[in-house]
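Everything below concerns the one structure shown next.
Protein chains in written order, with my numbering: chain A, 1 to 307; chain B, 308 to 744.
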């Protein structure tokens with residue numbers, strides 16, 4: 001009855017959806033292509049160089065941190081995603097060193113100090129951007145007009161912009177944030193690949209519009225200007241730093257929208273999406289706790305009611 | 308017309324019913340069969356044969372009047388070579404009767420009755436118990452116990468959903484053993500006193516549904532449910548078809564339902580119509596390493612090695628008992644096929660799915676797919692941190708190990724393995740005396 005064959009043992013299930021974090025990160029990169037392409041079209045090829053340098057900074061920082069922490073390099077593409085997203089929030093003609101420093105800070109202070117992928121409470125790209133904004137305000141507000149590169153102001157900074165201009169993106173601003181159409185293309189790609197659900201972005205837009213209406217400003221204008229759409233689609237949907245339930249994500253998005261408007265209307269900065277995202281990141285554990293406790297309560301209430 | 312009553316959580320699995328169209332054939336019984344006395348949830352019945360006895364096909368090897376002690380029967384005629392302790396498919400030890408097949412296939416005299424209406428409910432339960440029938444969907448719960456509900460039953464729900472990808476034994480039973488199945492269904496309706504009978508099928512089995520709509524007319528209604536795994540689990544199925552929720556720790560009878568698998572209905576039909584006990588079952592044998600995959604009648608007690616030899620699988624690499632979602636990888640091929648075995652898979656290197664786990668990224672997909680309403684992500688944390696009271700409080704024990712969470716986990720975390728070991732720890736803690744010290 002004996003046989004000598006060695007059989008492989010592994011736990012069930014013996015099947016997987018195949019949708020790994022790794023693949024998801026490549027999906028996010030793909031969804032950023034329309035945004036990056038539009039930025040290159042509007043602001044020139046320097047955008048590509050700046051993006052490349054920012055990504056190099058992020059990936060190098062990831063590799064160096066993992067080496068220092070004596071952790072294996074698992075082929076993570078998430079640092080590349082962080083670099084891409086961060087780069088797209090920078091002004092189109094920011095110095096290259098700004099991009100590099102931002103990439104390094106985003107990975108080191110935004111992620112690795114907490115223990116790496118999955119352990120960070122704050123969105124790394126938002127950490128990088130806020131670090132740059134408070135450290136190098138001049139370089140972070142060097143706005144240039146599309147096509148000719150002449151210095152300009154952003155719509156949030158007082159420049160006139162028509163609805164059409166805001167939609168296609170032919171106005172001053174960070175390189176990835178100006179074109180609503182490009183960002184919506186990216187959102188559709190992410191949604192089609194089921195990498196994000198609608199709750200956080202829609203919540204963000206609704207929260208913004210709601211406060212705009214309350215304070216008597218144009219909600220469409222506030223949704224289309226600044227980094228709001230970009231942040232809603234690419235930063236508020238980060239798996240690690242947003243809540244784990246759908247309703248939680250909606251609340252999280254609403255909070256980002258509301259806080260953005262509070263900063264825009266009453267704060268000293270013209271723009272506040274990154275700050276709002278970081279603040280809501282800080283509240284994410286609380287939202288998770290409330291949501292999951294509620295889920296548990298429902299499960300148990302049912303047991304008591306029927307047994 | 309019956310509609311679906313309640314949405315349930317879960318996940319759409321890729322359909323992989325590769326042998327659904329392969330008709331039933333028989334794997335000849337091997338030279339030696341090894342029949343465990345314990346093949347069901349409950350207690351093994353006492354053996355009623357001894358070493359050296361000659362037994363006929365269909366002779367009982369164990370007997371008991373207790374409904375939780377289901378007898379087992381000889382699947383071949385021949386000599387009892389030994390009655391010894393051995394490893395059961397569950398991994399536990401148990402008594403195994405080794406019969407050497409004399410190749411004569413001499414059958415015990417049996418008799419049945421032509422119509423289920425010739426039986427009283429009590430007679431049905433007795434015959435089902437003595438015929439060794441247990442749930443053949445996988446759980447192997449004694450069927451006669453389910454047919455003796457303590458509460459008023461209004462619906463008999465026949466489970467024809469094979470949630471596991473690949474497995475198609477139920478599908479073949481529906482198409483090829485329709486008469487026996489309908490006989491069994493009618494008998495079970497008599498035994499439970501259910502007013503209404505529903506056969507539930509998944510939406511990827513339109514042939515079965517069409518066939519039954521014609522054949523089962525006047526006997527049962529046919530309901531098609533979306534194949535969102537794990538709808539085939541009986542709790543989820545009741546929720547999907549009838550909109551009723553069973554209390555956690557409760558039974559389907561608590562909400563007026565008895566659920567029986569289609570192959571169980573066939574076995575009940577065979578016991579009552581022909582008087583023939585459960586000595587073989589249908590098994591889907593598949594996987595890339597199998598040369599002749601298909602749906603086979605296999606004599607209980609046939610070892611996996613003998614099954615694989617018949618279907619052609621010279622160098623198995625990984626062998627599963629069951630389907631790819633809940634099937635267990637076996638350490639050797641000496642394990643016998645029992646009543647609860649629904650499939651055997653020999654995976655090719657391309658099919659073997661061993662993954663390197665990465666840290667949790669809190670995507671929340673495990674929470675979204677859990678049909679038991681659990682939060683797998685939190686349970687994992689509690690188990691890893693050794694917070695056992697929390698794990699218990701958050702429902703670790705109610706996990707049915709369906710594997711939907713691990714299937715979707717983008718970080719490849721072996722959640723089911725964590726939950727199994729966590730449950731074992733909880734059980735050990737609940738019974739401190741059994742551990743000594």
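Even for Gly, the Cβ is constructed at its ideal location relative to N, Cα and C.
Below-8 Å beta-carbon distance, residue i vs any chain B residue
i                     : result
residue 292 (chain A) : yes
residue 239 (chain A) : yes
residue 307 (chain A) : A caution first: residue 307 (chain A) carries a pLDDT of 42, below 50, which makes its placement in the model unreliable, though a value can still be read off. Cβ-Cβ to chain B under 8 Å: yes for residue 307 (chain A).
residue 61 (chain A)  : no
residue 119 (chain A) : yes
residue 204 (chain A) : no
residue 65 (chain A)  : no
residue 132 (chain A) : no
residue 129 (chain A) : no
residue 296 (chain A) : yes
Within-8 Å CB hit, residue i to chain A
i                     : result
residue 399 (chain B) : no
residue 667 (chain B) : yes
residue 593 (chain B) : no
residue 619 (chain B) : no
residue 724 (chain B) : yes
residue 322 (chain B) : no
residue 682 (chain B) : yes
residue 495 (chain B) : no
residue 710 (chain B) : yes
residue 488 (chain B) : no
residue 734 (chain B) : no
residue 730 (chain B) : no
residue 685 (chain B) : yes
residue 631 (chain B) : yes
Contact list for residue i against chain B, beta-carbon separation under 9 Å
i                     : result
residue 216 (chain A) : The contacting residues do not exist; residue 216 (chain A) stays about 37 Å from chain B at best.
residue 79 (chain A)  : What residue 79 (chain A) touches in chain B: nothing, since even the nearest Cβ is about 14 Å away.
Contacts of residue i in chain B (Cβ-Cβ under 7 Å)
i                    : result
residue 24 (chain A) : 717
residue 21 (chain A) : 665, 668, 717 and 718
residue 74 (chain A) : 665
residue 17 (chain A) : 714 and 715
Cross-chain neighbours of residue i in chain A, by beta carbon under 9 Å
i                     : result
residue 634 (chain B) : 12, 13 and 14
residue 627 (chain B) : 12 and 14
Whole-Å CB distance - residue i paired with residue j, under 8 Å assumed
i                     : j                     : result
residue 458 (chain B) : residue 561 (chain B) : 7 Å
residue 649 (chain B) : residue 629 (chain B) : 6 Å
residue 406 (chain B) : residue 434 (chain B) : That pair is no contact at about 24 Å.
residue 110 (chain A) : residue 122 (chain A) : 6 Å
residue 415 (chain B) : residue 365 (chain B) : 4 Å
residue 233 (chain A) : residue 201 (chain A) : 5 Å
residue 602 (chain B) : residue 443 (chain B) : No, residue 602 (chain B) and residue 443 (chain B) are not in contact; Cβ-Cβ is about 13 Å, not under 8 Å.
residue 181 (chain A) : residue 165 (chain A) : No, residue 181 (chain A) and residue 165 (chain A) are not in contact; Cβ-Cβ is about 12 Å, not under 8 Å.
Partners in chain A for residue i, counting only beta-carbon separations shorter than 7 Å
i                     : result
residue 713 (chain B) : 13
residue 674 (chain B) : 244 and 245
residue 550 (chain B) : Within 7 Å Cβ-Cβ: nothing; residue 550 (chain B) doesn't reach chain A, min ~14 Å.
residue 671 (chain B) : 244 and 245
Under 8 Å by beta carbon: chain B residues contacting residue i
i                    : result
residue 71 (chain A) : Result: empty, since nearest Cβ-Cβ is about 10 Å, beyond 8 Å.
residue 8 (chain A)  : 624, 625, 636, 659 and 661
heavy atom of the ligand SAM below 7 Å from residue i C-beta
i                     : result
residue 112 (chain A) : This structure does not include the ligand SAM; it has no bound ligands of any sort.
Contact set between residue i and chain A, taken where Cβ atoms lie within less than 8 Å
i                     : result
residue 721 (chain B) : 11
Open item on the list: By the 7 Å beta-carbon criterion, what residues does the stretch 688-707 of chain B contribute toward chain A?
Closed with: 701 and 702
Open item on the list: Against chain B, which members of the stretch 240-269 of chain A pass a CB distance test of less than 9 Å?
Closed with: 240, 241, 242, 243, 244, 245, 246, 248 and 249
- [ ] Scan the stretch 638-662 of chain B for residues whose Cβ lies nearer than 9 Å to a Cβ of chain A and list them as they occur along the chain.
- [x] 638, 639, 640, 641, 652, 654, 658, 659, 660, 661 and 662
Task: Residues of the stretch 324-357 of chain B with Cβ closer than 7 Å to any Cβ of chain A, in chain order - done: none
Task: Those runs of the beta strand (DSSP E) which lie wholly inside the stretch 413-483 of chain B and span at least 3 residues - done: 462-466
Task: Uninterrupted alpha helix (DSSP H) stretches inside the stretch 226-307 of chain A (no shorter than 4 residues) - done: 246-266 and 273-306
Task: Contact residues within the stretch 159-192 of chain A, judged by C-beta distance below 9 Å to chain B - done: none
Task: Interfacial residues, the stretch 379-410 of chain B to chain A, with Cβ spacing under 8 Å - done: Nothing from the stretch 379-410 of chain B brings a Cβ to less than 8 Å from some Cβ of chain A.
Task: Within the stretch 599-674 of chain B, ranges of the beta strand (DSSP E) (whole runs, at least 3 residues) - done: 601-606, 625-628 and 650-654
Open item on the list: Please list, in chain order, the residues of the stretch 467-483 of chain B that have any C-beta partner in chain A closer than 9 Å.
Closed with: 472
Task: Whole runs of the alpha helix (DSSP H) within the stretch 192-218 of chain A, excluding any shorter than 4 residues - done: 199-214
TODO: At 3 residues or longer, and completely inside the stretch 519-584 of chain B: list those beta strand (DSSP E) runs for me, N to C.
DONE: 528-532 and 564-568
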